[in-house]
Amino acid sequence: MSRSLLLRAARSVRLRSTVERVPVTRKLVARYVAGTEEQDATRVSGELVSEGMTVTVDFLGEDTLDRQQAASVADSYVSLLDALHQSGLSSAVEVSLKLSALGQALPADGEAIALEHARKVCDAARRAGTTVTLDMEDHTTTDSTLGILQQLRLDFPETGAVLQAYLRRTEADCRDLAYEGSRVRLCKGAYNEPPGVAYTDPREVDRAYVRCAKILLAGPGYPMLATHDPRLVEITGSLAAKYRREQGSYEYQMLYGVRPEEQRRLVRAGERMRVYVPYGEDWYGYLVRRLAERPANMLLFVRSVASKR
Ligand SMILES: Cc1cc2nc3c(=O)[nH]c(=O)nc-3n(C[C@H](O)[C@H](O)[C@H](O)COP(=O)(O)OP(=O)(O)OC[C@H]3O[C@@H](n4cnc5c(N)ncnc54)[C@H](O)[C@@H]3O)c2cc1C
140 MSRSLLLRAA RSVRLRSTVE RVPVTRKLVA RYVAGTEEQD ATRVSGELVS
190 EGMTVTVDFL GEDTLDRQQA ASVADSYVSL LDALHQSGLS SAVEVSLKLS
240 ALGQALPADG EAIALEHARK VCDAARRAGT TVTLDMEDHT TTDSTLGILQ
290 QLRLDFPETG AVLQAYLRRT EADCRDLAYE GSRVRLCKGA YNEPPGVAYT
340 DPREVDRAYV RCAKILLAGP GYPMLATHDP RLVEITGSLA AKYRREQGSY
390 EYQMLYGVRP EEQRRLVRAG ERMRVYVPYG EDWYGYLVRR LAERPANMLL
440 FVRSVASKR
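Residue numbers (my numbering): 140 to 448.
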């Protein structure tokens, strides 16, 4: 199954309801997702923090066109932040937000609604002593998301941005966002984008990632290098040395369940390592994007569905 077919599957409502009914997906889900409940997220965060990691927690869900659902996602984040605070974890654990889950795509006033909800979450994060990062979704939302980021940063300058190296525009966005205090996560990008806006050759994406990492690491902001790619992790280390970055003035980020040994190795080497921990019922789109990144996982999945259905 090709990557682009899988990524289309991530948005298919029919396939989603079929897959969600198959119990054998659970094992694969457990590899990448902390669990369905808030306490699963706090438990897994606690385990990672005790191993010297920092964490960003994502309450799974995206693309809502339901106002109440958008409001309830914001409430879930507020409750999560309170729980993290009460467990004494919030100095090491922040949250990642998808604006589409907060109503960004609602007709007419979606952006205003998403901004209002995001403010509420940022406010709760500040009370808990931590931060929020705005995940980046497909390219049709980039301008809107960066616009909302700008608005949020007026009151919450600590809000993190995400830029995707596969988008042709991203070097310019890196230059715009490489300023003092600006937290920017750089990832390759996880959506199925057309060649007009994105590099589609993986080698071109890697080269773009390095160009963007150079801009961020050379600047005065706080770069968050999100990749599992061994070559890019190594290049990031060399660039950090070249630009005389001290450990802790930038960080590595990886997904929960992906290359956990490498995550521990970086911690042992004195690096700041943040693990992205998703939780919640709505794991379908997230799981399919992870499968698209690793054909071997897809085979595992198909085999388990075929044998235990
Ligand atoms: C912390 C974090 C936050 C992210 N936030 C966003 C976001 O907001 N928006 C967005 O579009 N994308 C986001 N991504 C996803 C990102 O864009 C990539 O799709 C994903 O990280 C895979 O790219 P890679 O850099 O790891 O390189 P790849 O070339 O995909 O992978 C390199 C190597 O890593 C290992 N690997 C990668 N993925 C897997 C996997 N699923 N299972 C097992 N091994 C794997 C394999 O060994 C692989 O050879 C995020 C990624 C991370 C780590």
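Think of the CB as a built atom: it goes at the ideal place given N, C-alpha and C, for glycine as much as any other residue.
- Nearest in C-alpha terms to SER230, of all of ALA267, LEU167 and SER211, is ALA267.
- In summary, ALA169 is exposed, with fewer than 16 beta-carbon neighbours lying within 10 Å of its beta-carbon over all protein chains present.
- GLN402 places its beta carbon 8 Å or farther from that of ALA365.
- By the C-beta density criterion, PRO417 is buried, having at least 16 other C-beta atoms within 10 angstroms.
- Looking at the DSSP output, TYR415 bridges to THR195 and LEU394.
- Spanning the alpha carbons of ASP312 and PRO362 requires a straight line of approximately 13 Å.
- Excluding sequence positions up to five before and after LEU355, its CB lies within less than 7 Å of the CB of CYS313, ALA317, VAL323, LEU325 and PRO362, all in the same chain and listed in chain order.
- In summary, GLN289 is exposed, with fewer than 16 beta-carbon neighbours lying within 10 Å of its beta-carbon over all protein chains present.
- Here VAL336 carries a coil assignment [DSSP, helix/strand/coil].
- Excluding its 5 nearest sequence neighbours in each direction, PRO369 has C-beta neighbours in its own chain below 8 Å: GLU401, listed in chain order.
- Counting along the chain, the unbroken alpha helix (DSSP H) around TYR216 starts and ends at 206-225.
- Rounded to the nearest angstrom, the gap between the Cα atoms of GLU432 and ARG384 is 30 Å.
- For the set THR281, LEU293 and VAL372, the Cα lying nearest the Cα of ARG308 is the one of THR281.
- By the neighbour-count criterion, in which 16 or more other beta carbons inside 10 Å mark a residue as buried, THR195 falls on the buried side.
- Annotation for ALA329: ARG428 place their beta carbon closer than 6 Å to its own, counting only its chain and skipping 5 residues before and after.
- No heavy atom of ligand 1 is found nearer than 7 Å to the CB of TYR423.
- The beta-bridge partner set that DSSP reports for ALA365 consists of GLN392.
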